[in-house]
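Chains as they are written, first to last, in my numbering: chain Z, 1 to 314; chain F, 315 to 823.
Where a beta carbon is used, it is the ideal one built from N, C-alpha and C, also for glycine.
Every value quoted in this text rests on a predicted model; they were computed, and no experiment measured them.
Working notes, structure below.
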Amino acid sequence: MTRPGALARARQFGTVLGLLALSAVLWALTPHFLTVPNLLNVAQQTSINAIIAVGMTFVIISGGIDLSVGSIVALSGVALGAALQDGQALPVALAIALGAGVACGLVNGAIVSWGGLPPFIVTLGMMSIARGAALLFTEGRPVSGFDPLFRSIATGHVGGVPAPIIVTIAVYLIAHVVLTRTTFGRYVYAIGGNEEATRLAGVPVRFHKTMIYAVSGLVSGIAAVILTARLNSAQPIAGMMYELDAIAATVIGGTSLMGGQGSLAGTLVGALIMGVLRNGLNLLGVSSFLQQIVIGAVIIGAVLVDTLLKRHRN
Amino acid sequence: MISARCSGIAGSGAAVPVLEMRGIRKQFPGVVALDEVDLSLQAGEVHVLLGENGAGKSTLMKILSGAYRKDAGTILMNGASADIQGPGDALARGIRVIYQELNLVPHLSVAENIFLGAAPTTWGGLIDWRQLHDRTVSLLADLGMDIAPTTPVHRLSLAQRQMVEIAKALATQASVLVMDEPTSALTSREVDQLFALVARLIARGVAIVYITHRLDEVYRIGDRVTVLRDGRHVATSLLSEVTVAELVRQMANREVGEHLPKVRVTPGAELLRVEGLGRGDVLTDVSFSLRAGEVVGIGGLLGAGRTELARVLAGADRADTGQIFVAGQPVCLRTPADAIAHRIGLLPEDRKAQGLVGGFTIERNIALPHGRQLAPYGYLPARCEATMAEPHVRELRIKGASTQPARLLSGGNQQKVVLGKWVAGNARIFIFDEPTRGVDVGAKVEIYNLMNRLTAAGAGIIMISSELPELLGMSDRILVMHRGRVQAEFQSADATQESVLTAALGLAS
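Below, the structure is given as structure tokens:
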């Protein structure tokens, strides 16, 4: 029997190999792929999904699911846009955007924990509520036109590296420490692994579950800030289907939907695989319709290989 | 007694038995569940199967129903060899089992449930509702049941649901019917109804295996009785020729095979006192105390309220009434964290489901309840969990790499990891629920020795056990529970297997 630590490492290694193989194929097929501007472009486009997938990873490791992240991105975005147009200082506007995300997550988590409802149902409801709130608040119209300081969150560079990439790296580093080096992170895995045993160990399970959904709301708010700055517009219809991309990145990265296992490193690779695939298919001139089919097949294929490998080893 | 027709059954042996199980053997990893067990059934007979928890009754019936495969032995039906490879074979041979937890679909009607998966259809493949209705009416009338076929099952009483289950079993030709504790949730009037139905069934020649713990019922309904103990056949007798006392002795009288290394400690100060504890209808007016250095054993049958008591003391469930005192002070145990703060640790019966996070290493499981102590600000320094767990892993002799996930450990080692969680938090009151279930013999002795070390160090232990030798051998005092109450209390020196079992069956006050 292989040690599961080794198994997890082998699994992640496999995902990395998949990413490298995909890149090699694209490099062979198109000369534009392996250029610094294009790779920076891929990283930048991946950043939003990668950040949202951080929260999704916390939620899925704890045995839950969060379908509301795309709608939370829209609601946080329009809250941010309205605050900026209202003339609020940038830090205040950012706090409002992140606060809106956290608030939605807290509501999700509280209902899941204390109401005892399945996360699927609660976050499905929130998906509709947050979207509706964003549309109602803006009367369905985008909020546009922001000052350059705000837009530099998306357009700025630090030492040649685009700002969204720096934000993404920062989010991953912090989240990784939280997940592996804090009691909260330990409880995320413990709750997903065996909620009843965790409760009997005296861990306040409901509180921590609520916080897990709050984390998901928080990173959705961060993603909303980057998206709004990049588009120079906050749109109530932004973030459609983002929840599915985030779930896909998480499961391609080896996090089990059964809960109890997974890693942020895997999720980051999963998000990059999706980003590279989209970019490569664009470079190759594959129609966006066909792209959807390919991406769907990759999601199923990645998890299928994982499942078959696990069954084989057992 | 229901009938007089049994007089010739066991005596003459003239009739060929409907069912004969000979020399049945079944082994699970580490334990022989059945060893050379015989059982024979005559048409029109109610054959009672008696035995303690774990005696092998359910395993034997699961072999009969095809849920398990036997390792050795033969099954004959009407004198011919019957090969039962799976549930389909058993059904085809007319064997029906009614389990304690009923298998009905609540929102379907009585008729739909009875013919679930076998509903009469029209030539177009649609359900023939008229025929379904008519056949149900005639079946229910035949069985003397007064239930409307169109009633949704969730509107029926428990006894009526049981009757629907019986009707379902008999909708197709059945010759052997197994009933597993059918009266455990019924009122006495409903029991009368059920017994009337049983009488009608045997008059039709159905052979019934009746599993129960209620000895009073046994004489009302049974013709013969077979007692199993530790997976072995003890005796088969005509009920007209055997007394209650003899049956209890047959069930209880097992040899104390292994040597139990009990070390007695002079009891110290009172650690825990419980007064008038009640919860719903599972616990009623439970009072007892536990002193330092003492092991208080709790005996009783499944469902007597023992595990429920353990969960209340561990803060997992709340009591409705009563008061709990720890070291003389009244305490409120609202959550498991409260119980842990009062230095109470629970070692649950189902370790995998409640005691351990299977994917976590030994170290992380041991450290799990102590997060706040290890990391007051939430940050866990590298290896701090290992540092906390290591001395306990060594002291408890937990075998396995400290990085190994707990789910891959043996039962004994898993139990030690759960114990490690509480020892690491300096618990003083340990609740062991079936401490050696699923643990091999060598590890059992190790766990008993660990219990001795705990009591020698001034801890108190509440030990729930269904194994009489363990209960008698390791306890200083024994409480026996029956239907949520403390039925009897013994000093372990005064207790015998018979006296404990008699109290557990609710026969003595």
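request  = Step through the CB atoms of chain F and report whether any lies within less than 9 angstroms of the CB of residue 254 of chain Z.
outcome  = no
Quiz item: Where does residue 384 of chain F fall in DSSP's three states?
Solution: coil
Practice problem: Could you tell me which chain C residues have their CB closer than 7 angstroms to the CB of residue 196 of chain Z, listed as they occur along the chain? | Solution: No chain C is part of this structure, whose protein chains are labelled Z and F.
Give, in chain order, every residue of the segment 197-216 of chain Z whose Cβ lies closer than 8 angstroms to some Cβ of chain F.
-> 197, 198, 199, 200, 201, 202, 203 and 204
| message | List, from N- to C-terminal side, the beta strand (DSSP E) runs of 3 residues or more that fit wholly inside the segment 616-680 of chain F. | response | 635-640, 643-645 and 658-661
- Message: Cβ closer than 7 angstroms: which chain Z residues qualify as neighbours of residue 586 of chain F?
- Response: Residues of chain Z passing the Cβ test: none, with the nearest at roughly 18 angstroms.
Next on the checklist: I'd like the list of long-range same chain contacts for residue 83 of chain Z, defined as Cβ closer than 8 angstroms, with 5 residues on each side in sequence excluded.
Outcome noted: 92, 93, 96 and 97
* Asked: Quick one: what's got a C-beta closer than 7 angstroms to residue 205 of chain Z's C-beta in the same chain, skipping five residues either side?
  -> 191, 195, 198 and 199
Decide yes or no for the touch test of the segment 233-240 of chain Z against the segment 131-140 of chain Z: beta carbon pairs closer than 8 angstroms, at least 3 of them. yes
Worksheet item: To the nearest angstrom, how far is it from the Cα of residue 276 of chain Z to the Cα of residue 40 of chain Z?
Response: 11 angstroms
Discussion item. 9 angstroms is my cut-off, CB to CB: does residue 671 of chain F come that close to chain Z?
Written reply: yes
ask   = What beta strand (DSSP E) runs, 3 residues minimum, are completely inside the segment 383-412 of chain F?
value = 386-391 and 409-412
**OP:** Give me the Cβ distance between residue 267 of chain Z and residue 694 of chain F, rounded to the nearest whole Å; I'm assuming they're in contact under 8 angstroms.
**Re:** Wrong, their Cβ atoms sit about 21 angstroms apart, outside the cutoff.
9 angstroms Cβ cutoff met for residue 543 of chain F and residue 565 of chain F: yes
Please list, in chain order, all residues of the same chain as residue 51 of chain Z whose beta carbon is under 7 angstroms from its beta carbon, the five residues on each side excluded. 168, 171, 219, 222 and 223
Kindly list the residues whose CB is nearer than 6 angstroms to the CB of residue 327 of chain F, restricted to its own chain and excluding five residues on each side of it in sequence; keep chain order. Residue placement at residue 327 of chain F is flagged as unreliable, the pLDDT there being 48, under the threshold of 50; the coordinate-derived value follows with that caveat. Once the five neighbours on either side are set aside, residue 327 of chain F has no close Cβ partner at all.
Problem set entry | Buried or exposed (CB count within 10 angstroms, at least 16 for buried), residue 687 of chain F | exposed
- Indicate whether residue 622 of chain F and residue 516 of chain F have their beta-carbon atoms separated by less than 9 angstroms. no
Inter-residue spacing [alpha-carbon to alpha-carbon] between residue 298 of chain Z and residue 174 of chain Z | 29 angstroms
- [ ] Let me know the secondary structure DSSP gives residue 721 of chain F once reduced to three states.
- [x] helix
I want to verify the contact list: residues of chain Z whose CB lies under 8 angstroms from the CB of residue 683 of chain F, in sequence order. 201, 202 and 203
query = Given 8 angstroms as the limit, is there contact between the segment 588-607 of chain F and the segment 777-784 of chain F, that is, 3 or more CB pairs closer than that?
reply = no
* Closer than 9 angstroms, CB to CB, is residue 571 of chain F near chain Z or not? -> Because residue 571 of chain F sits at a pLDDT of 49, beneath the cut-off of 50, its placement in the model cannot be relied upon, and the following sentence gives the value as read from the coordinates. It does not; no Cβ of chain Z falls within 9 angstroms.
In this structure, does DSSP put residue 591 of chain F in helix, strand or coil? strand
### Message
I'd like the ranges of any alpha helix (DSSP H) spanning at least 4 consecutive residues and lying wholly in the segment 424-467 of chain F.
### Response
424-428 and 443-456
For this session: Mind the definition here: the segment 63-72 of chain Z touches the segment 107-121 of chain Z only if three or more C-beta pairs lie below 8 angstroms; say whether that holds.
Result: yes
- Query: Under a three-way DSSP split, which group does residue 576 of chain F fall into?
  - Reply: coil
> When the cut-off is 9 angstroms and only beta carbons count, does residue 660 of chain F lie next to chain Z?
Replying inline: yes
Going by C-alpha distance, which of F:370, F:651 and F:347 is nearest residue 684 of chain F? F:651
- Task: Taking 9 angstroms as the cut-off, decide whether the C-beta atoms of residue 576 of chain F and residue 392 of chain F are in contact.
- Result: no
**Asked** Does the count of Cβ pairs from the segment 418-433 of chain F and the segment 459-474 of chain F closer than 8 angstroms reach three?
**Response** yes
| said: Determine, for residue 649 of chain F, whether the minimum Cβ-Cβ distance to residues of chain Z falls below 9 angstroms. | reply: yes
Where residue 340 of chain F sits in the DSSP three-state scheme: strand
Just checking, does the segment 538-557 of chain F make contact with the segment 496-511 of chain F on the three C-beta pairs under 8 angstroms criterion? no
What does the alpha-carbon distance come out to for the pair residue 678 of chain F and residue 264 of chain Z? 20 angstroms
(message) Does the structure place the segment 256-263 of chain Z close enough to the segment 98-108 of chain Z that three or more beta carbon pairs sit under 8 angstroms?
(response) no
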